[in-house]
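To keep things clear, I will list the structure first and then write my remarks on it.
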Amino acid sequence: MLQIQSQSLRHVATAHLAQTMSLLALSNQELQDKVLEELAENPALELLDDLVCPKCRKRLPAQGPCPRCSTPQANEDSVVFISPRDGGGTPRYEDEKEDLEPAAPENLAVYVLEQLAAELDVEDRPIAAYILSSLDDDGFLPDAPALVARELRVSLERVKGVVDMIAHVDPAGLGTSGPRAALLVQLDLLRADDPKVILSRQILQSEFERLARREFDNIANDLDVAVAKVRTAATFIQEKLNPYPARSFWGSGRTPASADPNVYHTPDIQITRRSEGPLVVEIFSSMPGWLRVNPHFRSALAQADENHSEEWKKHLERAALFVKCLQQRNNTMRRLMKDLVQTQRDFILNGDRHLRPMTRAKLADRLGVHESTVSRAVSNKGMALPDGRIIPLAKFFDRSLSVRDRIKEIVKSEMKPLTDDQIAAALRRQGVKIARRTVAKYRTIEGILPARLRKAQAAPA
Numbered sequence: 185m186l187q188i189q190s191q192s193l194r195h196v197a198t199a200h201l202a203q204t205m206s207l208l209a210l211s212n213q214e215l216q217d218k219v220l221e222e223l224a225e226n227p228a229l230e231l232l233d234d235l236v237c238p239k240c241r242k243r244l245p246a247q248g249p250c251p252r253c254s255t256p257q258a259n260e261d262s263v264v265f266i267s268p269r270d271g272g273g274t275p276r277y278e279d280e281k282e283d284l285e286p287a288a289p290e291n292l293a294v295y296v297l298e299q300l301a302a303e304l305d306v307e308d309r310p311i312a313a314y315i316l317s318s319l320d321d322d323g324f325l326p327d328a329p330a331l332v333a334r335e336l337r338v339s340l341e342r343v344k345g346v347v348d349m350i351a352h353v354d355p356a357g358l359g360t361s362g363p364r365a366a367l368l369v370q371l372d373l374l375r376a377d378d379p380k381v382i383l384s385r386q387i388l389q390s391e392f393e394r395l396a397r398r399e400f401d402n403i404a405n406d407l408d409v410a411v412a413k414v415r416t417a418a419t420f421i422q423e424k425l426n427p428y429p430a431r432s433f434w435g436s437g438r439t440p441a442s443a444d445p446n447v448y449h450t451p452d453i454q455i456t457r458r459s460e461g462p463l464v465v466e467i468f469s470s471m472p473g474w475l476r477v478n479p480h481f482r483s484a485l486a487q488a489d490e491n492h493s494e495e496w497k498k499h500l501e502r503a504a505l506f507v508k509c510l511q512q513r514n515n516t517m518r519r520l521m522k523d524l525v526q527t528q529r530d531f532i533l534n535g536d537r538h539l540r541p542m543t544r545a546k547l548a549d550r551l552g553v554h555e556s557t558v559s560r561a562v563s564n565k566g567m568a569l570p571d572g573r574i575i576p577l578a579k580f581f582d583r584s585l586s587v588r589d590r591i592k593e594i595v596k597s598e599m600k601p602l603t604d605d606q607i608a609a610a611l612r613r614q615g616v617k618i619a620r621r622t623v624a625k626y627r628t629i630e631g632i633l634p635a636r637l638r639k640a641q642a643a644p645a
């Protein structure tokens with residue numbers, strides 16, 4: 185009897201953990217769909233639409249957080265709370281007209297994982313999830329595969345294998361190190377014996393910077409081909425390939441992802457600041473109100489006949505588990521945001537330059553959770569900053585962000601165009617150890633031309 189009870193408890197604990205992790209990875213829009221699905225299928229689940237504070241149970245004002253519970257305690261520099269508001273979105277019902285609100289954009293990570301599902305080994309799924317949640321807005325992986333392997337405590341070969349699989353699904357080139365690598369991957373998917381493909385690969389491998397400068401004559405001389413063929417290959421690369429794979433997913437292949445209004449929609453989290461006071465962090469619910477186990481259903485179960493009691497009991501257990509897992513998700517998000525706001529206060533208030541280097545592994549250690557928990561918590565979620573910008577939560581872990589901002593500032597204030605070596609030297613004087621090639625990579629990501637072209641651009645016509 186004791187063994188059977190022990191196995192049952194382990195099963196409940198496993199189900200609780202699995203569902204909590206599943207809910208944690210969802211954005212508010214995705215979570216709303218999940219809640220509506222559960223409400224439709226389970227009569228033991230109930231949604232209360234009263235907008236009351238979860239802590240003091242007082243009714244909330246028309247706008248803003250609970251005035252009582254959002255007031256900071258002594259020496260408190262932030263207030264983090266779960267809100268019964270949905271952040272502006274409303275539930276979608278079948279009788280609503282489709283044009284009342286724009287459709288939420290499909291999630292890139294989910295889109296890629298759906299393609300990989302059949303060929304991705306179970307043990308490689310956390311690696312794929314980590315990589316996809318680490319991509320920047322252009323679809324590149326800022327961290328070297330070796331660093332990813334070290335953080336996940338897996339072999340470098342496994343990480344490289346997963347990166348290669350991600351790179352070769354749609355949008356092709358995702359997870360690569362930069363534009364050139366993304367373009368080369370896209371060529372892998374075309375006919376290898378096509379003369380345009382062959383020449384394009386040669387140009388990308390050995391003449392990439394000259395291609396950017398459109399030095400077709402020099403490329404032709406180096407490769408010993410006709411200039412006309414180089415021009416044809418350049419046109420082919422420009423029209424058929426995409427140097428920024430994530431942008432093509434959002435329908436804007438040649439412009440920054442942020443230019444597409446559907447990339448960042450209603451935020452999952454909002455940070456505000458009252459004058460010079462603490463930061464107030466509101467974590468929105470997936471839909472307005474609160475979920476609970478229906479008390480009338482619980483009472484009815486006690487009086488149910490044998491034909492219904494077993495089925496109703498399953499409904500009740502499922503509802504209780506769902507509510508408990510949702511509460512655990514909220515608690516994890518609250519603890520995570522409390523830590524992030526305390527650690528990255530300067531970044532939140534003052535911009536990219538002030539982002540402190542931080543990894544998911546270190547944050548997980550501080551919270552006492554597994555690293556995969558942090559990865560799920562930050563994936564697919566947007567956050568509104570006090571200045572009105574909406575950023576992906578994963579941006580807190582972009583190590584290149586601060587350095588890229590410094591590069592932009594150096595170029596903006598330069599008296600004459602600085603080479604990548606000179607920019608690297610300037611960064612080293614600021615205490616940033618960086619190689620010239622890394623400067624060139626970050627400069628390209630930011631859309632900054634090489635020194636020679638900046639000089640030509642500034643020269644009088």
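In our numbering, the protein residues as written are 185 to 645.
Just so you know, even glycine gets a beta-carbon here, dropped at the ideal spot from N, CA and C.
Beta-bridge partners assigned by DSSP to residue 236: 243.
The beta-carbon separation of residue 226 and residue 470, rounded to 16 Å, does not stay under the 8 Å limit for a contact. In the three-state DSSP reduction, residue 553 falls in the coil class, being neither helix nor strand. As for any alpha helix (DSSP H) of minimum length 4 sitting wholly inside the region 452 to 506, the runs are 479 to 486, ordered along the chain. Its chain contains 317, 562 as the residues whose beta carbon lies nearer than 6 Å to that of residue 578, once the 5 sequence neighbours on both sides are disregarded; these appear in chain order. Minimum Cα-Cα distance from residue 203 among the listed residues 307, 428, 502 corresponds to 502.
It is roughly 41 Å from the alpha-carbon of residue 600 to the alpha-carbon of residue 379.
Burial check for residue 391: the Cβ neighbour count within 10 Å reaches 16 or more, so the residue is buried. Less than 9 Å separates the beta-carbon of residue 313 from that of residue 560. Our two residues, residue 475 and residue 507, have alpha carbons roughly 7 Å apart in a direct line. Between the region 412 to 430 and the region 357 to 370 there are three or more C-beta pairs closer than 8 Å, enough to call the two in contact. Under the 10 Å beta carbon count, residue 346 is surrounded by 16 or more other beta carbons and is classified as buried. With contact defined as three or more Cβ pairs closer than 8 Å, the region 545 to 557 and the region 508 to 522 are in contact. Short of 6 Å from the beta carbon of residue 610, and not among the five residues preceding or following it, lie these beta carbons of its own chain, in chain order: 594. Taking the Cα positions, residue 627 is about 37 Å away from residue 461. Here residue 530 is exposed: its Cβ has fewer than 16 other Cβ atoms, across all protein chains shown, within 10 Å.
Between residue 525 and residue 455, the gap from beta carbon to beta carbon is short of 9 Å.
Residue 633 has its alpha-carbon roughly 40 Å from the corresponding atom of residue 464. Of the other Cβ atoms in all chains shown, 16 or more fall within 10 Å of the Cβ of residue 366; this residue is therefore buried. Residue 576 sits in a strand when the DSSP states are folded into three classes. As the crow flies, the alpha-carbon of residue 319 is around 23 Å from that of residue 467.
For residue 505 against residue 482, the beta-carbon gap comes to about 14 Å, at or over 8 Å, which does not count as contact.
In this structure residue 321 is in contact with residue 430, their Cβ atoms being roughly 6 Å apart against a cut-off of 8 Å.
Nearest to residue 309 by alpha-carbon distance, out of 407, 556, 638, 484, is 556. Taken atom to atom, the span from the alpha-carbon of residue 268 to that of residue 451 is near 14 Å. By the neighbour-count criterion, in which a residue is buried when 16 or more other Cβ atoms sit within 10 angstroms of its Cβ, residue 614 is exposed. Here residue 573 is exposed: its Cβ has fewer than 16 other Cβ atoms, across all protein chains shown, within 10 Å. For residue 568, the enclosing beta strand (DSSP E) begins and ends at 566 to 568. Rounded to the nearest angstrom, the Cβ distance from residue 558 to residue 590 is 27 Å, too far for a contact under 8 Å.
Distances from the CA of residue 479 to each of 208, 395, 232, 206 were compared; the closest alpha carbon is that of 232. One Cα belongs to residue 576, the other to residue 375, and the distance between them is close to 37 Å. For the pair residue 382 and residue 394, the CB atoms are not nearer than the 9 Å cut-off. Separation of residue 384 and residue 405 (C-alpha to C-alpha, rounded to the nearest whole angstrom) is 15 Å. When the five nearest sequence neighbours on each side are left out, the beta carbons in the same chain lying within less than 7 Å of the beta carbon of residue 607 are those of 591, 594, 623, in order along the chain.
When C-alpha distances from residue 533 are compared across 512, 527, 569, the shortest belongs to 569.
In the structure shown, the three-state DSSP call for residue 231 is strand.
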